[in-house]
Amino acid sequence: MINFVAITTENHLEKNISITNADFTEYKWIWVDFSEPTEEEIQRLSDIFHFHPLAIEDCIQETQRPKLDYYKNYSFFVTHIVEENDGKIIRDQLNFFVGENCIVTFHKIPSMEVTKVWSQLLGQETLEKWDPYYVFYEVLDKIVDNYFPLIYKIEDELQKMIENTDDQSMNQLMNELFETRNRLLKLLHTVNPMRDLLYRMLNSHHLNLNGIEKRREYFSDIYDHLLKLSDMVMTNREVTADIRDSYLSMNSHQTNNVMKLLTITTSIFAPLTFIAGIYGMNFKNIPELQWDHGYFISLGAMSLIALFMLLYFKRKGWFK
């Protein structure tokens with residue numbers, strides 16, 4: 001589907017225009033949105049707008065990192081939209097062709113960010129501040145703002161993991177940490193390239209030519225948000241590692257306590273078993289077996305040995 005809106009030289013908005021019959025030179029600037037385009041509609045990127053074949057190929061393949069390419073009369077941007085579905089991070093691509101008098105957005109699935117800005121534009125009483133680069137800024141700002149709720153949600157989940165560490169099994173906790181680290185990794189692979197994209201925009205020698213310079217403070221604000229997002233993602237990845245290490249350390253400590261108890265028990269019963277084994281042998285001549293009080297003497301000796309070993313282990317601090 002192709003949506004088309006045009007702004008006249010008097011800053012009036014016109015919509016419901018056929019892109020095939022439109023004369024773009026009559027307008028101050030235009031915005032064309034390709035949403036879930038068909039093969040025929042994709043062909044119009046070349047036939048009507050004459051965009052570079054490599055840029056069109058990047059739109060179709062949807063395997064690109066966020067990037068920026070400069071062409072003669074326009075700039076081409078690849079950005080990434082992220083959303084969560086069933087606990088998994090889904091990443092989609094939103095492409096922009098931005099020139100002085102035209103902006104074209106291209107996405108293979110519906111974009112909430114584009115829809116919001118489109119409605120925002122149609123509802124404006126005055127359009128003086130609006131132009132292709134302001135549209136680009138508004139959409140890009142909403143893309144980046146939508147990253148924050150995903151990270152905040154992950155932070156809440158990590159806090160719950162910390163609070164419920166004692167109530168979770170090791171397998172359950174490790175599975176949750178593994179899934180969380182994967183989600184953070186996907187966010188990192190989105191946020192950092194987007195950050196690099198904004199850095200290149202703000203520091204490119206093309207800056208004075210493509211209309212971004214007069215809105216530097218707007219795009220700098222988005223860049224600051226991406227820096228913050230990158231730090232948040234890295235911090236949360238470190239938190240997941242800390243939780244994992246703490247849990248493994250605690251689990252190792254518990255295992256050591258169990259092994260200590262088993263060692264104490266084995267150490268106490270080893271001499272007792274030795275004594276019982278000696279007097280349990282089936283030799284005919286074992287003098288102690290003929291003693292009137294041999295049984296009680298054996299029990300007493302075994303009790304003293306056990307008591308002595310308990311006192312020894314206690315003195316060594318094994319029961320702390």
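For reference, each letter of the sequence shown is one residue, going 1 to 320 in UniProt numbering.
All residues carry an ideal CB built from backbone N, CA and C; glycine is no exception.
Secondary-structure assignment with DSSP links D86 through no beta bridge to anything. Of the other Cβ atoms in all chains shown, 16 or more fall within 10 Å of the Cβ of H225; this residue is therefore buried. Excluding its 5 nearest sequence neighbours in each direction, I268 has C-beta neighbours in its own chain below 6 angstroms: A306 and M309, listed in chain order. Counting C-beta pairs with one atom in each stretch, the region 144–159 and the region 236–250 have three or more that are closer than 8 angstroms, which means they touch. Taking a cut-off of 8 angstroms on C-beta distances, the region 173–181 does not touch the region 250–257, as fewer than three cross pairs fall below it.
When rounded, the separation of the alpha-carbon atoms in I19 and F4 is 7 angstroms. Around the C-beta of R195, 16 or more other C-beta atoms lie within 10 Å, and the residue is accordingly described as buried.
Under the Cβ criterion (8 angstroms, minimum of three pairs), the region 118–131 does not count as touching the region 54–61. Within the same chain, and ignoring the five residues on either side of L198 in sequence, the residues whose Cβ sits closer than 7 angstroms to its Cβ are F219, I222, Y223 and L226. DSSP places W118 within a helical segment (H, G or I) once states are collapsed to three. DSSP, reduced to helix, strand and coil, places D131 outside both helices and strands of the structure shown, so it counts as coil. Rounded to whole angstroms, the gap between the alpha carbons of E288 and F319 is 36 angstroms. Inter-residue distance for F296 and I275 is about 13 angstroms (C-alpha atoms, whole angstroms). With a 10 Å radius around the Cβ and a threshold of 16 neighbouring Cβ atoms, A270 comes out exposed. Rounded to whole angstroms, the separation of the alpha carbons of G300 and N282 is 22 angstroms. At the C-beta level, L127 and L13 come within 8 angstroms of one another.
In this structure, R215 is the residue among Q159, M170, S46 and R215 with its C-alpha nearest to the C-alpha of Y134. Residue nearest to I42 within the set I81, K108 and G317 is K108 (criterion: CA-CA distance). Taking all protein chains in view, the Cβ of Q93 is crowded by 16 or more other Cβ atoms within 10 Å, so the residue is classified as buried. Annotation: the region 38–95 contains the following complete segments of the alpha helix (DSSP H) (minimum length 4 residues), in chain order: 39–47 and 53–61. In the assembly as shown, P132 is a buried residue. Its beta-carbon has 16 or more other beta-carbons within 10 Å. Nearest in C-alpha terms to I151, of all of T38, H205 and V233, is V233. Setting aside the 5 residues that flank it on each side, I90 is surrounded in the same chain by E83, each with a C-beta closer than 6 angstroms to its C-beta; the list follows chain order. A6 has E14 and I30 as its beta-bridge partners, per DSSP. T235 sits exposed, since fewer than 16 C-beta atoms from the chains shown fall within 10 Å of its C-beta. Leaving aside the five residues that flank R183 on each side, the residues in its chain whose CB is nearer than 6 angstroms to its CB run, in chain order, I89. The shortest C-alpha to C-alpha distance from P66 to any of L188, K316, M302 and L261 is the one to L188. One alpha carbon belongs to P193, the other to T105, and they sit about 20 angstroms apart. The C-alpha of F51 lies about 23 angstroms from the C-alpha of K15. Scanning K260, E40, I286 and A6 for the CA closest to the CA of W31 turns up A6.
Beta-carbon to beta-carbon, V114 and V139 are separated by about 6 angstroms, close enough to satisfy the 8 angstroms threshold.
M170 counts as exposed, since fewer than 16 other beta carbons sit within 10 angstroms of its beta carbon.
Judged by their CB atoms, F34 and I2 are nearer to each other than the 8 angstroms cut-off.
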